[in-house]
Amino acid sequence: MPTFRAPRGTRDLLPPERVGLARLERLAQDLAARYGYHPIETPLFEQSAVFERGIGEVTDVVEKELFLLQPRDEDAERWALRPEPTAGIVRAYVQHGMQTWPQPVKVTMTGSMFRYDRPQAGRYRQFWQFDVEAIGDPGPAVDAEIIELAARFYRDAGLPGVTILLNSIGDGACRPAYVDELTAFYRAHLGELPPAERARLERAPLRLLDSKDARMVALNAVAPQITDRLCDACAAHFAAVRTHLHAVGVDYQLEPHLVRGLDYYTRTAFEVYPAGVSGQQSAIGGGGRYDGLVELLGGRPTPGIGFGLGLDRVLLALGAAGVPATVEPAPVAVVVGSDPADTVARLRIATELRGAGLPVRAELGQRKLGKQLEAAARDGAHFAVILGDDLAGAHVQLRDLEAGTQRAVSVTGLARELERATKSHRHGLATPES
RNA sequence: GUGGCCUUAGCUCAACCGGCAGAGCAGCGGAUUGUGGUUCCGCAGGUUAUGGGUUCGACCCCCAUAGGCCACCCCA
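Numbering (this note's numbering), first residue to last: 5 to 438.
Encoded structure:
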């Protein structure tokens with residue numbers, strides 16, 4: 005019925021939901037800072053070639069989900085909204101010569117990503133992601149550190165439990181031979197492949213590994229596994245990642261069929277799911293190593309690893325797990341008055357109190373005092389500052405909305421009085437920290 | 001992108017077989033014109049998603065479009 009509405013696959017984040025997202029953003033940024041990741045910000049859009057080359061031409065993300073911007077003329081550069089953060093960050097790493105910075109360069113970014121997908125619950129065309137990247141360190145310890153950071157985020161966010169799926173998908177030294185072997189295996193069982201899978205065999209054989217089709221699951225159980233075909237270097241790296249994870253107490257589940265949708269991943273790959281939830285569009289995070297990406301985007305050969313998580317989906321998972329949504333802190337006091345002409349005084353007193361650092365709401369409307377107090381109580385305010393007849397004598401009534409008591413306080417001493425009253429008030433109350 | 005289900009007030013939902021569109025919640029106002037969350041009363045809120053069609057008559061049947069959801073796909 006409204007004339008205009010939010011575009012398909014996008015939504016307006018109204019105050020309650022936006023507050024929840026803000027809390028997660030704060031949590032994520034504080035956490036990243038604690039681990040030594042520095043904030044970075046790259047554009048919402050890039051030359052589409054950045055994604056095509058970085059993510060891979062034959063990936064779903066590039067082939068059908070890239071949000072292409074309409075060029076203004078034929079010769080114009082082709083732009084695309086970022087579908088994921090890593091390619092843009094690596095582009096910035098190369099552009100700004102960050103290989104001359106102390107390595108590894110550890111950066112973090114929080115913001116919107118865009119994919120032209122068919123929307124569904126938890127799958128949006130614009131979604132929020134928190135991301136960390138460590139570029140320039142080839143060692144397995146960084147892999148473990150980043151996965152541990154991920155695990156801590158979910159725990160701190162209040163998710164009762166998550167499952168971390170871990171795999172190694174090899175590198176240029178061992179994966180090609182494995183892909184050949186796997187392709188040959190599927191060819192030998194061509195008759196058992198569903199038509200859809202058969203069509204994908206030539207283009208992306210690894211994709212068949214994580215198929216949910218029952219026949220494929222059975223077939224994949226006897227298919228050659230990448231973890232048995234890793235070269236010595238990759239196998240040693242993978243073993244070391246697991247040793248480090250064990251050392252920091254991170255639980256994970258080996259999933260040899262885990263392949264990721266972006267071509268740039270090498271060696272370590274992982275995905276995170278809420279406890280007890282399988283498949284579907286329920287992944288709440290994922291990441292991995294991308295030792296060839298910097299070079300792919302024009303830099304010197306440089307290793308890297310990153311992790312991204314979907315804040316929308318974490319919010320969804322928190323709701324499903326029954327974790328109460330956070331609410332905005334209630335005002336300490338609300339300034340009310342019954343005389344329509346005293347709005348100057350209401351505003352002035354509220355301004356002074358705010359200047360003193362107190363969260364104060366002011367009733368600036370015309371409704372009667374009873375309604376104002378009603379609204380103040382519903383807002384959860386502890387106190388009401390009531391302007392009345394004694395205003396002429398520079399006094400107001402300070403009313404304790406929970407105790408139902410009130411007394412006269414001079415305007416000049418109001419801020420000090422409120423601070424003291426708030427402190428003693430909070431003493432007995434277990435104020436939940438957001 | 002493929003297949004399916006759904007769409008009635010801001011929200012959650014009613015409305016017999018095709019026969020005058022309703023309730024709860026939320027909002028606003030009132031209950032001896034300066035004191036609150038309960039209670040009571042009232043007000044407002046709708047082109048029944050949109051556009052066509054069938055019919056004396058459509059929330060109800062048919063078609064299309066849009067949006068949402070489920071599965072696939074894919075991932076966050």
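We put the CB at the ideal spot given by N, CA and C, even for glycine.
* Asked: How many whole angstroms separate the CB atoms of ALA91 and GLY58, which I take to be in contact at a CB cut-off of 8 Å?
  -> Here residue 91 corresponds to residue number 87 of the first sequence, with the count starting at 1. Here residue 58 corresponds to residue number 54 of the first sequence, with the count starting at 1. Approximately 4 Å separates the beta-carbon atoms of ALA91 and GLY58; this is inside 8 Å, confirming the contact.
* Do PHE134 and LEU313 come within 8 Å of each other at the CB atom, strictly closer than that value? -> In the first sequence, the residue the question calls residue 313 occupies position 309. In the first sequence, the residue the question calls residue 134 occupies position 130. Their beta carbons are under 8 Å apart, which means LEU313 touches PHE134 by this criterion.
* To do: In the DSSP assignment, find the unbroken beta strand (DSSP E) run with PHE8 in it and report its ends.
  => In the first sequence, residue 8 corresponds to position 4, counting from 1. It is not in any beta strand (DSSP E) - PHE8 carries neither H nor E in the DSSP assignment.
* **Contiguous beta strand (DSSP E) assignments of at least 3 residues, all confined to the segment 216-303** => Complete beta strand (DSSP E) runs here, min 3: 270-278 and 289-293.
* **Under 8 Å between C-beta atoms of VAL336 and PRO363** => Along the first sequence, one-based indexing puts residue 336 at 332. Along the first sequence, one-based indexing puts residue 363 at 359. Cβ distance < 8 Å, so VAL336 and PRO363 count as in contact.
* To do: Please classify TRP105: is it buried, with 16 or more other beta-carbons within 10 angstroms of its beta-carbon, or exposed?
  => For the purposes of this step, residue 105 is taken as the residue at position 101 of the first sequence. The residue is exposed, with fewer than 16 neighbouring Cβ atoms inside 10 Å.
* **Cβ-based neighbour list, ASP64, same chain, cut-off 7 Å, excluding 5 preceding and 5 following** => On the first sequence, position 60 is the one that residue 64 refers to. Once the five neighbours on either side are set aside, the close Cβ partners of ASP64 are GLY265.
* Since PHE134 sits in a beta bridge, which residues does DSSP pair it with? -> In the first sequence, residue 134 corresponds to position 130, counting from 1. The bridge partners DSSP lists for PHE134 are THR114 and LEU313.
* Would you report the Cα separation of VAL221 and GLU81, rounded to the nearest angstrom? -> Counted from its first residue, the first sequence places residue 221 at position 217. Counted from its first residue, the first sequence places residue 81 at position 77. When only Cα atoms are considered, VAL221 and GLU81 end up about 43 Å apart.
* Asked: By the 10 Å Cβ neighbour count, where 16 or more other Cβ atoms means buried, how is ARG382 classified, buried or exposed?
  -> Indexing the first sequence from 1 puts residue 382 at position 378. Note on ARG382: under 16 other CB atoms within 10 angstroms of its CB, so exposed under the neighbour-count rule.
* Asked: With GLY140 and GLY296 assumed to form a contact (beta carbons below 8 Å), what rounded beta-carbon distance in angstroms separates them?
  -> Numbered from its first residue, the first sequence carries residue 140 at position 136. Numbered from its first residue, the first sequence carries residue 296 at position 292. Their Cβ separation, rounded to whole angstroms, is 14 Å, which puts GLY140 and GLY296 out of contact at 8 Å.
* Should THR270 be labelled buried (16 or more other beta-carbon atoms within 10 Å of its own) or exposed? -> As a first step, residue 270 is located in the first sequence; it is residue number 266 there, counting from the start. By the neighbour-count definition (other C-beta atoms within 10 Å, threshold 16), THR270 is a buried residue.
* **Residue from LEU357, CYS178, TYR39 and ILE150 whose Cα sits closest to the Cα of ILE168** => If you number the first sequence from 1, residue 168 lands on position 164. Residue ILE150 is the option with its Cα nearest to ILE168.
* 4-residue-minimum alpha helix (DSSP H) runs that sit fully inside the segment 35-89, ordered along the chain -> With a minimum length of 4 residues, the continuous alpha helix (DSSP H) runs that stay inside the segment 35-89 are 52-59 and 64-67.
* **LEU197 (DSSP reduced to helix, strand or coil)** => Counting from 1 along the first sequence, the entry for residue 197 is found at position 193. Coil, per DSSP.
* Taking DSSP as the reference, what is the three-state secondary structure of GLN33? -> Residue 33 sits at position 29 when you count from the first residue of the first sequence. Taken through DSSP and simplified to helix, strand or coil, GLN33 comes out as helix.
* Nearest-angstrom Cβ-Cβ length linking VAL4 and ALA380, presumed shorter than 8 Å -> Summary: the structure shown does not reach residue 4, with the chain confined to residues 5 through 438, and so no result is reported for it.
* **Assigned secondary structure, SER428 (DSSP; H/G/I helix, E/B strand, else coil)** => Sequence index remark: in the first sequence, residue 428 carries index 424 (1-based). When DSSP states are grouped into helix, strand and coil, SER428 belongs to the helix group.
* Alpha carbon to alpha carbon, how far is HIS399 from GLY432? Give it in angstroms, no decimals. => Within the first sequence, residue 432 is the residue found at index 428, counting from 1. Within the first sequence, residue 399 is the residue found at index 395, counting from 1. Any answer about GLY432 is weak, because its pLDDT of 42 lies below 50 and its placement is not dependable; what the coordinates show is given next. GLY432 and HIS399 have their C-alpha atoms some 28 Å from each other.
* For the beta strand (DSSP E) containing THR409, list its first residue and its last residue. => Locating residue 409 in the first sequence gives position 405, counting from the first residue. Element bounds for THR409: 409-414.
* Classify LEU422 as helix, strand or coil using the three-state DSSP reduction. => Counting from one through the first sequence, the residue named residue 422 turns up at place 418. DSSP places LEU422 in helix when its eight states are reduced to three.
* Asked: Using DSSP with H/G/I as helix, E/B as strand and the rest coil, what is THR187?
  -> Counting from one through the first sequence, the residue named residue 187 turns up at place 183. In the structure shown, THR187 sits in a helix (DSSP, three-state: H, G or I).
* Asked: Which of helix, strand or coil does DSSP assign to ASP26?
  -> The residue you call residue 26 lines up with position 22 of the first sequence. In the sequence under discussion, the amino acid at residue 26 is Ala, which differs from the Asp named in the question. Secondary structure at ALA26: helix, using DSSP grouped into helix, strand and coil.
* Asked: In three-state DSSP terms, what is LEU402?
  -> Numbered from its first residue, the first sequence carries residue 402 at position 398. In this structure, DSSP gives LEU402 an extended state, which the three-state scheme calls strand.
* Same chain, Cβ closer than 6 Å to ILE148, five either side skipped, listed in chain order -> Along the first sequence, one-based indexing puts residue 148 at 144. It is worth fixing the name first, because residue 148 is Ala in this sequence and not Ile. Non-local C-beta neighbours of ALA148 in its own chain, meaning closer than 6 Å and more than five positions away in sequence, comprise VAL245, HIS248 and LEU249, ordered along the chain.
* Asked: Which partner residues does ARG95 have in the DSSP bridge list?
  -> If you number the first sequence from 1, residue 95 lands on position 91. Looking at the DSSP output, ARG95 bridges to nothing.
* Taking ALA366 as the reference, which of GLY359, PRO108 and VAL389 has the closest Cα? -> Working through the first sequence from its first residue, we reach residue 366 at position 362. Nearest in C-alpha terms to ALA366, of all of GLY359, PRO108 and VAL389, is VAL389.
* Along the beta strand (DSSP E) that carries ARG365, what are the first and last residues, could you check? => Taking the first sequence and counting its residues from 1, the one referred to as residue 365 is at position 361. Counting along the chain, the beta strand (DSSP E) containing ARG365 begins and ends at 364-366.
* Assign ALA74 to one of two classes, buried (16 or more other C-beta atoms within 10 Å of its C-beta) or exposed (fewer than that). => Residue numbering aside, residue 74 sits at position 70 when the first sequence is read from its first letter. The amino acid at residue 74 is misidentified as Ala; the sequence shows Gln. GLN74 counts as exposed, since fewer than 16 other C-beta atoms from the protein chains shown sit within 10 angstroms of its C-beta.
* Asked: Mind checking ARG124: buried by the 16 CB within 10 Å criterion, or exposed?
  -> Here the question's residue 124 lines up with position 120 in the first sequence. The sequence as given places Gln at residue 124; Arg does not occur at that position. Of the residues assessed, GLN124 falls on the exposed side of the cut-off, its CB having fewer than 16 other CB atoms within 10 angstroms.
* Asked: Secondary structure at ILE168, three-state DSSP: helix, strand or coil?
  -> Within the first sequence, residue 168 is the residue found at index 164, counting from 1. Note: ILE168 maps to strand in three-state DSSP.
* Take the Cβ of VAL252 as the centre, count every other Cβ of all protein chains shown within 10 Å, and call the residue buried at 16 or more, exposed below. => As a first step, residue 252 must be located in the first sequence, where it is residue number 248. With fewer than 16 other Cβ atoms from the protein chains shown falling within 10 Å of its own Cβ, VAL252 counts as exposed.
* To do: Go to GLY374, then tell me how far its alpha helix (DSSP H) extends in each direction, as first and last residue.
  => On the first sequence, position 370 is the one that residue 374 refers to. Start and end: 373-382.
* To do: Classify VAL331 as helix, strand or coil using the three-state DSSP reduction.
  => Residue numbering aside, residue 331 sits at position 327 when the first sequence is read from its first letter. Looking at VAL331 - three-state DSSP - the assignment turns out to be coil, as it is neither helix nor strand.
* To do: Whole angstroms is fine: what's the gap from PRO198's alpha carbon to ARG22's?
  => Here residue 198 is taken as the residue at index 194 of the first sequence, counted from 1. Here residue 22 is taken as the residue at index 18 of the first sequence, counted from 1. So the two alpha carbons sit approximately 43 Å from each other.
* Identify the continuous beta strand (DSSP E) that holds LEU153 and give its terminal residues. => Position 149 of the first sequence, counted from the start, is the residue given in the question as residue 153. In the DSSP annotation of this structure, LEU153 is not part of any beta strand (DSSP E); the continuous alpha helix (DSSP H) holding it starts and ends at 144-161.
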